[in-house]
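Comments concern the structure below.
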Amino acid sequence: MTGVRVAGVGLTHFGRHPERTGRDLFGEAALAAREESGVALEDIESINYGNFMGSLSERQGHQAPLMAEMVGLQCPATRYEEACASAGVAVREAVRAVRSGEADVILAGGCERMTNLSTADVTEGLATAADELYEIRAGMTFPGAYALMARAYFESFGGEREDLAHVAVKNHDNALPNEYAQFHRAITVDEVLDAPMVSDPVGLLDACPVTDGASALVLVSDEYAAEHDVDAPVSITGSGQGGDNLALHDRERLAVTPATERAAAEAYDDAGCSADDVDLVEVHDCFTIAEVLAIEGLGFYDHGEGIGAARRGETTATGDLPVNLSGGLKAKGHPVGATGGSQIAEMTRLLRGDHPNSDHVEDATLGVTHNAGGTVASAVVHVLEVDR
Amino acid sequence: MTDAGYDEWLDAVDDGEGYFLACPEGHGSLPPRRVCPHCGSTGLDHAALPSTGTVETFTICYVGGPDFADEEPYATAIAEFGDVRLTGVVRGVDPEDVTVGMPVEVTVGTNRTTGDDLLILQAR
Numbered sequence: 011m012t013g014v015r016v017a018g019v020g021l022t023h024f025g026r027h028p029e030r031t032g033r034d035l036f037g038e039a040a041l042a043a044r045e046e047s048g049v050a051l052e053d054i055e056s057i058n059y060g061n062f063m064g065s066l067s068e069r070q071g072h073q074a075p076l077m078a079e080m081v082g083l084q085c086p087a088t089r090y091e092e093a094c095a096s097a098g099v100a101v102r103e104a105v106r107a108v109r110s111g112e113a114d115v116i117l118a119g120g121c122e123r124m125t126n127l128s129t130a131d132v133t134e135g136l137a138t139a140a141d142e143l144y145e146i147r148a149g150m151t152f153p154g155a156y157a158l159m160a161r162a163y164f165e166s167f168g169g170e171r172e173d174l175a176h177v178a179v180k181n182h183d184n185a186l187p188n189e190y191a192q193f194h195r196a197i198t199v200d201e202v203l204d205a206p207m208v209s210d211p212v213g214l215l216d217a218c219p220v221t222d223g224a225s226a227l228v229l230v231s232d233e234y235a236a237e238h239d240v241d242a243p244v245s246i247t248g249s250g251q252g253g254d255n256l257a258l259h260d261r262e263r264l265a266v267t268p269a270t271e272r273a274a275a276e277a278y279d280d281a282g283c284s285a286d287d288v289d290l291v292e293v294h295d296c297f298t299i300a301e302v303l304a305i306e307g308l309g310f311y312d313h314g315e316g317i318g319a320a321r322r323g324e325t326t327a328t329g330d331l332p333v334n335l336s337g338g339l340k341a342k343g344h345p346v347g348a349t350g351g352s353q354i355a356e357m358t359r360l361l362r363g364d365h366p367n368s369d370h371v372e373d374a375t376l377g378v379t380h381n382a383g384g385t386v387a388s389a390v391v392h393v394l395e396v397d398r
Numbered sequence: 002m003t004d005a006g007y008d009e010w011l012d013a014v015d016d017g018e019g020y021f022l023a024c025p026e027g028h029g030s031l032p033p034r035r036v037c038p039h040c041g042s043t044g045l046d047h048a049a050l051p052s053t054g055t056v057e058t059f060t061i062c063y064v065g066g067p068d069f070a071d072e073e074p075y076a077t078a079i080a081e082f083g084d085v086r087l088t089g090v091v092r093g094v095d096p097e098d099v100t101v102g103m104p105v106e107v108t109v110g111t112n113r114t115t116g117d118d119l120l121i122l123q124a125r
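Protein sequence lines, in the order shown, are assigned to chains A and B. Residue numbering for the first sequence follows this note's numbering, starting at 11 and increasing by one per position. Residue numbering for the second sequence follows this note's numbering, starting at 2 and increasing by one per position.
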């Protein structure tokens, strides 16, 4: 089985781009990724594209061939949809295709356009990742769903909003030097606690923003990289995906995420590593409680222990296990269909040493990305390793 | 829009004859189902839904979708009713007064924005 290397990454600035179309955003990211990779255009065999709600936000279904067109190709192109894990799945399927020998070069990534919608329409669009009959009709929103999980966590394990506020403060700090991040503003614990409530106990600063943006990666086989002298020191060495019941109320427990545990177990086994080997991690922190659930699900903390990690300084940039050095979804932004690809792009930059936060992890060799869909009814985990 | 399975279930709840689907392994689920979502069993029987449940977690939603514009702020809760949990809007108490462990009854009300039927967890 061949290895899979990240030959190039491309990101747009994550933020408000209401005047730009999804095709324009993805075109920018894809072009950047291809230029960085040096891969010939005609060598790209397929495009794996993540997108969640373009049919609602842009009245544009069937987006993948459109994105191929924007790259300058008529190759096979497929849209992957797994709510906020759409790009994670798109990358995972690219990894599987390269490993199987079916392809040597795949362009994978995703895009989402959101800020052209009103807050109410975005809320409704995102809610379609939940169970329409039993959750959406009962008034569940996505901040609401994570608020239900946060309160269930507090009830089961303890912790308080102030613990979660430290997650937001940390991720805003990490985003400060990141040119692609939506927010370049440090915040304080008091600001998080005093922010308006969106869905108690989730306040405005516990939530990721509404974001436009795109991500793209050029993935190549080991053989292609060697033959074409591609400079690609970072490999994707593990991939895993886990599932769970769609509706939160159908889960056995409301404050743990077994889909993440399943995805992590598969990815670690695939890479031949364990949670103890991980130097840094990018997790799906759409809300502050989501980061806590993720670092527990990934095996870095026991259930109930993750909530204090940011407050204790363990997951800050200078801690033992830096989490979300990119700024995370919370501060870098969360264009849902692009997020999983952007996490791998950021991790690649961090491991290569050309990320503004690479100095914090200069000896790091192994990083993990975690991309979740819905209330973690789906999760995709990747292990990335760099040649040293 | 009609939803075979769900609409009948909601009507049954409204008539005081709520049910859930029970599999031989003891798992509970809500319709429509062809198999148990926990074990894949096809042997699903109707079982009586307890009329009273207990709030397990809740949120006070200040920003809802367009379908809930006239409800804000409202409390949405997940309550345990024996072998199943239900997600619903809490009524009969101020949203700020909802608590974990609070007993609720399941009923059907009207969404104030859309006029559609709405699963209600009525404070006792």
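Note that beta-carbon positions come from the ideal geometry of N, C-alpha and C, so glycine has one too.
CA nearest to the CA of Val402 (chain A), picked from A:Ala155, A:Thr198, A:Asp254 and A:Glu170: Outside the shown range of chain A (11 to 398) lies residue 402 (chain A), about which nothing can therefore be said.
Residue environment, Glu306 (chain A), which counts as buried when at least 16 other CB atoms sit within 10 Å: So Glu306 (chain A) counts as buried.
Nearest-angstrom Cα separation, counted from Ala118 (chain A) out to Val33 (chain A): The question names Val, but residue 33 (chain A) in the sequence shown is Arg. Straight through space, the alpha carbons of Ala118 (chain A) and Arg33 (chain A) are spaced by roughly 14 Å.
Partners in chain A for Phe82 (chain B), counting only beta-carbon separations shorter than 9 Å: Chain A residues near Phe82 (chain B): none, gap ~10 Å exceeds 9 Å.
Identified DSSP bridge partners for Pro219 (chain A): Answer is none; Pro219 (chain A) lacks a bridge partner.
Reference Val101 (chain A); option with closest CA among A:Gly377, A:Gly309, A:Arg362 and A:Val16: Nearest of A:Gly377, A:Gly309, A:Arg362 and A:Val16 to Val101 (chain A), Cα basis: A:Val16.
Bridge-paired residues (DSSP) for Arg89 (chain A): Note: Arg89 (chain A) sits in a beta bridge opposite A:Tyr59.
Val64 (chain B) versus A:Phe152, A:Ala40 and A:Val390, residue with shortest Cα-Cα distance: Val64 (chain B) has its Cα closest to that of A:Phe152, out of A:Phe152, A:Ala40 and A:Val390.
Cβ-based neighbour list, Leu120 (chain B), same chain, cut-off 6 Å, excluding 5 preceding and 5 following: If we look at Leu120 (chain B) and ignore the five residues flanking it on each side, its Cβ neighbours are Gly89.
contact_flag[the segment 283-293 of chain A, the segment 261-269 of chain A] where n(CB pairs < 8 Å) is 3 or more: Result no; under three Cβ-Cβ pairs closer than 8 Å.
Arg15 (chain A) - containing beta strand (DSSP E), residue span: In the DSSP assignment, Arg15 (chain A) falls within the beta strand (DSSP E) that extends over Val14 to Leu21.
Closest Cα partner of Asp16 (chain B) within the set B:Asp117, B:Gly110, B:Arg125 and B:Gly116: If you compare the alpha carbons of B:Asp117, B:Gly110, B:Arg125 and B:Gly116 with that of Asp16 (chain B), the shortest gap goes to B:Gly110.
Exposure of Ala42 (chain A), with buried meaning 16 or more beta-carbon neighbours within 10 Å: It is buried - the Cβ of Ala42 (chain A) has at least 16 other Cβ atoms within 10 Å.
Proximity test, Cβ basis, 7 Å: Leu120 (chain B) and chain A: Answer yes: the Cβ-Cβ gap between Leu120 (chain B) and chain A drops below 7 Å somewhere.
Met11 (chain A) burial status per 10 Å Cβ neighbour count (16 or more: buried): Per the 10 Å Cβ criterion, exposed.
Neighbour flag for Val101 (chain B) against chain A, beta carbons, 7 Å: So yes, Val101 (chain B) belongs to the interface.
Of the listed residues B:Thr55, B:Gly41 and B:Pro25, nearest to Leu122 (chain B) (C-alpha basis): Distances from the CA of Leu122 (chain B) to each of B:Thr55, B:Gly41 and B:Pro25 were compared; the closest alpha carbon is that of B:Thr55.
Contact set for Arg109 (chain A): own chain, Cβ-Cβ below 7 Å, skip 5 residues either direction: Taken in chain order, the residues that qualify are Met11, Thr12 and Val14.
Interface flag, Thr77 (chain B) vs chain A, CB-CB below 7 Å: Yes, contact with chain A.
Nearest-angstrom Cβ-Cβ length linking Asn399 (chain A) and Gly337 (chain A), presumed shorter than 8 Å: Nothing can be reported for residue 399 (chain A): it is not among the residues displayed for chain A, which extend from 11 to 398.
Listed by chain order, chain A residues near Val72 (chain B) by CB distance under 8 Å: Note on residue identity: the sequence assigns Glu, not Val, to residue 72 (chain B). Those are Gly149, listed as they occur along chain A.
7 Å Cβ cutoff, Cys62 (chain B) in contact with chain A: At least one chain A Cβ lies under 7 Å of Cys62 (chain B).
Proximity winner among B:Asn112, B:Ala5, B:Thr43 and B:Ala49, relative to Val85 (chain B) (alpha-carbon distances): The residue with the shortest Cα to Cα distance from Val85 (chain B) is B:Ala49.
Partners in chain A for Asp4 (chain B), counting only beta-carbon separations shorter than 7 Å: In chain order: Leu143.
Phe36 (chain A) (DSSP reduced to helix, strand or coil): In the three-state reduction of the DSSP assignment, Phe36 (chain A) falls in the helix class.
Those runs of the alpha helix (DSSP H) which lie wholly inside the segment 151-198 of chain A and span at least 4 residues: The qualifying runs are 152-167 and 171-185.
Neighbouring residues, chain A, relative to Phe1 (chain B) (Cβ below 7 Å): Chain B is shown only over 2 to 125; residue 1 (chain B) falls outside these bounds and no answer can be derived.
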